[in-house]
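Following: one structure in structure tokens, then a few remarks.
Number of protein chains: 2
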Amino acid sequence: MATDTDAGGARRGARRPGLATRRIPLRLNDAELAARHGEDRKFVWSLARAFELLHAFRPGQGPLGNAELSARTGLPKATVTRLTYTLTQLGYLRQSEIDGRYQPSPALLAIAYPVLANIGIRQMAQERMQRLADHTGASVALSSPDGDMMIYVSACSSSALDALLLDIGSRVGMPQSAAGRAYLSSLDDDEREAMFEHFAERLGPVWPDLKPRILDSIAEIRDRGFCYVDREWREDVRAVAAPIADLDGATRMALTVGGPAFALAPDQMVEDFGPRLVHLARGLSRTPPR
Amino acid sequence: MATDTDAGGARRGARRPGLATRRIPLRLNDAELAARHGEDRKFVWSLARAFELLHAFRPGQGPLGNAELSARTGLPKATVTRLTYTLTQLGYLRQSEIDGRYQPSPALLAIAYPVLANIGIRQMAQERMQRLADHTGASVALSSPDGDMMIYVSACSSSALDALLLDIGSRVGMPQSAAGRAYLSSLDDDEREAMFEHFAERLGPVWPDLKPRILDSIAEIRDRGFCYVDREWREDVRAVAAPIADLDGATRMALTVGGPAFALAPDQMVEDFGPRLVHLARGLSRTPPR
DNA sequence: CGCTAAGGTTCCGCTATGCGAAACGCACGA
DNA sequence: TCGTGCGTTTCGCATAGCGGAACCTTAGCG
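The listed protein sequences correspond, in order, to chains A and B.
The opening residue of the first sequence carries number 22 in the working numbering; numbering runs sequentially from there.
The opening residue of the second sequence carries number 22 in the working numbering; numbering runs sequentially from there.
Here it is in structure tokens:
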């Protein structure tokens with residue numbers, strides 16, 4: 022998604038029923054969406070562009086100006102001006118009075134709020150997750166799938182230090198992370214196979230190397246209820262994870278205990294944290310609706 | 022916005038010459054937007070419609086179908102179909118396979134995440150807020166202004182029970198809540214006067230009654246650093262709040278301790294919680310950037 | 001002080017965009 | 001067999017909004 026060829030310049034080019042040549046930068050996959058919705062009368066492109074723009078803001082990188090946004094998204098400057106203008110009017114971006122650059126505003130939290138409120142299990146999990154975090158001294162998180170990522174919908178940590186890395190809304194790669202593999206283990210064979218094909222396509226040459234490790238993790242989960250993934254998602258992080266179902270039984274998620282490798286002994290994770298995690302996951306999955 | 026009339030109906034009608042581009046810190050409702058951007062070539066209406074649609078989802082009300090969304094937003098069915106379709110494709114809505122209704126998806130958390138990550142003070146506040154929550158047995162929250170609401174950007178509670186009410190992204194009315202009044206106290210006179218005018222317009226007949234209470238709260242804050250607001254925002258909630266500034270010194274926010282009235286003694290709130298809150302607020306405001 | 005560069009906004013012609021009334025399809029229930 | 005309620009599709013048309021290019025500002029630089 023970084024390499025966006027022609028920045029939408031070809032947009033105008035398409036004469037008539039000429040499909041394709043339309044290019045939209047999208048986080049899921051620009052090309053895929055462009056192909057799929059090339060001439061889809063139901064698809065609202067300006068929306069896609071706007072969300073792509075919002076997506077260009079990355080945590081910790083501070084505010085962005087129109088030029089930077091234009092460069093990141095590949096959208097023409099004029100379009101970016103219009104979108105930032107509109108988003109600012111709507112209150113979802115906030116413009117610095119000093120340098121005029123933009124930043125996502127808390128109003129976005131408000132539209133994201135119903136997501137949190139609708140995840141039934143979150144409510145009941147919170148307290149027990151915190152206890153587990155306190156016991157382990159690590160971070161505990163509940164995550165939900167989104168494309169080929171896992172998104173944290175709940176996070177606890179014993180000390181504020183770890184919390185910096187892991188917060189609600191942050192994302193980890195599904196194939197690389199313990200959380201992702203726990204989720205994958207909860208899919209039925211067809212679904213998982215579909216995901217695998219997607220990964221293969223997405224990851225290219227890395228995939229043949231990665232796949233067996235994922236299968237190992239899934240086997241671990243079948244065997245003892247959790248998987249242990251050591252420094253695969255990131256160089257310095259290890260974690261255990263177990264699958265879990267939301268109250269409706271359909272929404273599948275993952276529960277994770279993890280943290281910096283230097284602070285966590287592998288033995289302890291497998292002997293103690295893992296089983297506790299499984300216990301928690303089972304308890305939550307069984308909890309009756311309020 | 023609950024009173025549908027029609028969100029976009031007035032849109033096409035307005036025939037007004039270009040209006041001055043004034044920076045507005047306030048969020049506008051449909052009618053105001055329509056008036057202001059009647060023929061603003063920079064304003065992207067489909068975006069406004071889409072966000073309005075997302076806004077129709079309320080916490081705890083579960084999934085919505087296209088008909089319900091159409092009713093709530095006042096948008097024509099066909100338009101709603103197109104928007105839900107697009108948002109689903111983009112991954113921000115998720116459609117139930119059973120009844121076909123829609124729900125906001127965790128992907129929204131991911132776009133909201135940079136907001137959290139960019140609030141510097143949040144990181145340092147977390148641990149101390151939790152300690153205060155544990156000490157008081159109440160909920161502690163950090164909130165940021167958005168239009169005439171305060172949005173929670175951080176929330177701690179001692180027991181999971183209270184957490185149900187107050188979560189990241191939830192909103193409380195600025196004029197009614199302790200948090201809002203703490204924020205208002207941090208504005209300079211001009212800014213505050215502008216907000217007051219806005220309130221007067223928005224709230225109508227209630228305003229003359231409310232204004233003196235707000236002024237009282239602000240006087241309290243000037244006097245002892247915090248204000249105590251008892252069952253104004255909601256029938257059964259009382260809270261104390263103090264103003265606070267983010268590390269950059271410009272972004273103003275509010276810190277709150279509050280909870281159900283039956284569980285919190287007024288004396289205790291004023292004698293103990295309030296001063297502790299002020300102490301915390303001062304400590305955070307002074308904390309140097311990492 | 002010109003000169004350049006870089007960020008941002010405005011202009012403007014053009015057409016694909018996307019709107020929405022109305023027609024249609026489908027699943028219930030009576 | 002109709003009604004009723006929800007959702008999608010169709011389609012003609014006005015216009016929304018796109019984007020290349022021109023046009024402002026600032027900021028730095030020799």
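Idealized CB from N, CA, C, for every residue including glycine.
- With respect to the 8 Å criterion, residue 262 (chain A) and residue 248 (chain A) are classified as neighbours on the basis of their beta carbons.
- Boundaries for residue 170 (chain A): no alpha helix (DSSP H) harbours it, while the beta strand (DSSP E) harbouring it runs 170-178, taken from the DSSP string.
- Against residue 259 (chain A), chain B offers no close residue; the least beta-carbon distance is about 23 Å (beta-carbon pairs closer than 8 Å).
- When B:113, B:149, B:200 and B:86 are compared, the shortest CA-CA separation from residue 119 (chain B) is found for B:86.
- Distance between residue 228 (chain B) and residue 277 (chain B), taken at the CA atoms: about 23 Å.
- Taking residue 298 (chain A) as reference, the option from A:246, A:251 and A:105 with the minimal CA-CA separation is A:246.
- At least one C-beta of chain B is nearer than 8 Å to the C-beta of residue 63 (chain A).
- By the CB criterion at 8 Å, residue 143 (chain A) and residue 163 (chain A) fall inside the cutoff.
- Residue 125 (chain A) counts as buried, since no fewer than 16 other beta carbons sit within 10 angstroms of its beta carbon.
- If you check the CB distance, residue 65 (chain A) and residue 104 (chain B) come in under 8 Å.
- Non-local C-beta neighbours of residue 172 (chain B) in its own chain, meaning closer than 7 Å and more than five positions away in sequence, comprise 164, 165, 190 and 192, ordered along the chain.
- Residue pairing for residue 161 (chain B): DSSP places it in a beta bridge opposite B:177 and B:278.
- Counting other Cβ atoms within 10 Å of its Cβ, residue 95 (chain B) reaches 16 or more and is therefore classed as buried.
- Think of a sphere of 7 Å around the beta carbon of residue 165 (chain B): the chain A residues whose beta carbon falls inside it are 127, in chain order.
- A:82 is the residue among A:158, A:82, A:122 and A:200 whose C-alpha sits nearest the C-alpha of residue 138 (chain B).
- With contacts defined as CB atoms closer than 8 Å, residue 253 (chain B) and residue 289 (chain B) fail to qualify as a contacting pair.
- Counting only the Cα atoms, residue 133 (chain A) lies some 18 Å from residue 93 (chain B).
- A residue is called buried once 16 or more other Cβ atoms fall within 10 Å of its Cβ, and residue 243 (chain B), having fewer, is exposed.
- Straight across, the Cα-Cα distance linking residue 123 (chain A) with residue 117 (chain A) is about 6 Å.
- Between residue 188 (chain A) and chain B, the shortest Cβ-Cβ separation is below 8 Å.
- As computed with DSSP, residue 123 (chain B) is found in a beta bridge with B:85 and B:116.
- DSSP links residue 258 (chain B) through a beta bridge to B:281.
- Of all residues in the region 278-301 of chain A, none has a C-beta nearer than 9 Å to a C-beta of chain B.
- For residue 136 (chain B), the nearest CB of chain A lies under 8 Å from its own CB, placing it at the interface with that chain.
- In the structure shown, residue 97 (chain A) falls within a coil segment according to DSSP collapsed to helix, strand and coil.
- Interface with chain B (8 Å Cβ-Cβ cutoff): residue 132 (chain A) is included.
- Contacts with chain A at 8 Å (Cβ-Cβ) include residue 83 (chain B).
- Put simply, of A:174, A:296, A:72 and A:239 the residue whose alpha carbon is nearest the alpha carbon of residue 204 (chain A) is A:239.
- For residue 136 (chain A), the enclosing alpha helix (DSSP H) has its first and last residue at 128-139.
- Around the C-beta of residue 241 (chain A), 16 or more other C-beta atoms lie within 10 Å, and the residue is accordingly described as buried.
- Taking 8 Å as the cut-off, the beta carbon of residue 280 (chain A) is found no closer than this to the beta carbon of residue 175 (chain A).
- For residue 251 (chain B), no alpha helix (DSSP H) run applies; the uninterrupted beta strand (DSSP E) run containing it begins and ends at 248-251, by DSSP.
- Counting along the chain, residue 194 (chain B) sits inside the beta strand (DSSP E) bounded by residues 192-194.
- Minimum Cα-Cα distance from residue 296 (chain B) among the listed residues B:282, B:283 and B:264 corresponds to B:264.
- Distance from the CA atom of residue 194 (chain A) to the CA atom of residue 195 (chain B), rounded to whole angstroms, is 39 Å.
- The Cβ-Cβ distance between residue 257 (chain A) and residue 287 (chain A) does not fall below 8 Å.
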